[in-house]
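Engineer:
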Amino acid sequence: MIDEQSVVKVAMADLNVAGSSGILRTTGLGSCVGLTLYDPLLKIGGMAHVMLPSSSIAREGQLNLAKYADTALPVLLNKLKEMGASHSRLVAKMAGGAQMFAFAGAGDSMRIGPRNVESCKAGLEQMGIPLIGEDTGGNYGRTVELNCTTGKFTIRSVQKGIKEL
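Each residue of the sequence shown is one higher than the last, beginning at 93 in my numbering.
1) Assuming residue 259 and residue 126 form a contact by the criterion Cβ under 8 angstroms, report the distance between their Cβ atoms to the nearest whole angstrom.
2) Pick from 140, 156, 253: whose alpha carbon is nearest that of residue 101?
3) Between the Cα of residue 168 and those of 219, 153, 232, spot the shortest distance and give me the residue it belongs to.
4) Rounded to whole angstroms, how far is the Cβ of residue 240 from the Cβ of residue 135, which I believe are closer than 8 angstroms?
5) Find out if the Cβ-Cβ distance for the pair residue 224, residue 185 is shorter than 8 angstroms.
6) Out of 132, 249, 119, 157, which one is the CA nearest neighbour of residue 113?
7) Is the beta carbon of residue 189 less than 8 angstroms from the beta carbon of residue 229?
8) Rounding to the nearest angstrom, what Cα-Cα distance links residue 154 and residue 203 in this structure?
9) With a threshold of 16 other CB atoms inside 10 Å of the CB of residue 193, please say whether the residue is buried or exposed.
10) Considering only C-alpha positions, which residue in the set 107, 110, 180, 176 is nearest to residue 222?
11) Using only the heavy atoms of the ligand GTP, determine whether one of them is closer than 7 angstroms to the beta carbon of residue 232.
12) Got a sec? Which residues, its chain only, sit under 8 angstroms from residue 208 by beta carbon, not counting five neighbours each side?
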């Protein structure tokens, strides 16, 4: 019998959680970061598709908490805790944060990818969640999946093929 796994899609500036038979997937990671949290005992996970490093630059009226590294991580943590995850067991993996375009002398404002990575890492450190795998940087896009049954984090890209963390 084939085990049915349900794919839970995570859109840009979105986040979601899945149980033990779920696969979390997000596509189109350029400068964005696919950040995952996983409880290996309960086999539950969460994923955020982070677009920007800090909500302090938000211009929208109703703040989209999933859009920013500093707000997406606490929301994801709370959703997993509601499912029974233990903060002390959680591990993180992430991919993305590419520098998709070269800007001569553009300064920090155009370093969105690297700043997203830095902000995600700072948030994880602040929350005491170990980052056990990452595939960040470069100048190419990625699609990522977290298999909640196995905890495997799969990164696909046209340039680099398939990588598992």
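Don't be surprised by glycine CBs; every beta carbon is placed ideally from N, CA and C.
Structural biologist: Looking at the coordinates:
1) Only positions 93 to 257 of the chain appear in the structure, and residue 259 is not among them; the question remains open.
2) Of the candidates 140, 156, 253, the residue whose Cα lies closest to the Cα of residue 101 is 140.
3) Here the closest residue by C-alpha is 219.
4) Going by Cβ atoms, the distance from residue 240 to residue 135 rounds to 5 angstroms, so yes, they are a contact pair.
5) Result yes, Cβ atoms of residue 224 and residue 185 sit closer than 8 angstroms.
6) Nearest Cα to residue 113 within the set 132, 249, 119, 157: 132.
7) Against a cut-off of 8 angstroms, the Cβ pair of residue 229 and residue 189 comes out as a contact.
8) Distance from the CA atom of residue 154 to the CA atom of residue 203, rounded to whole angstroms, is 25 angstroms.
9) Exposed: under 16 other Cβ atoms inside 10 Å.
10) The residue from 107, 110, 180, 176 with its alpha-carbon nearest to that of residue 222 is 180.
11) The ligand GTP is not among the ligands present in this structure, which contains no ligands whatsoever.
12) The beta carbon of residue 208 sits closer than 8 angstroms to those of 123, 124, 125, 142, 143, 144, 145, 161, 188, 189, all from its chain and outside the five residues before and after it, given in chain order.
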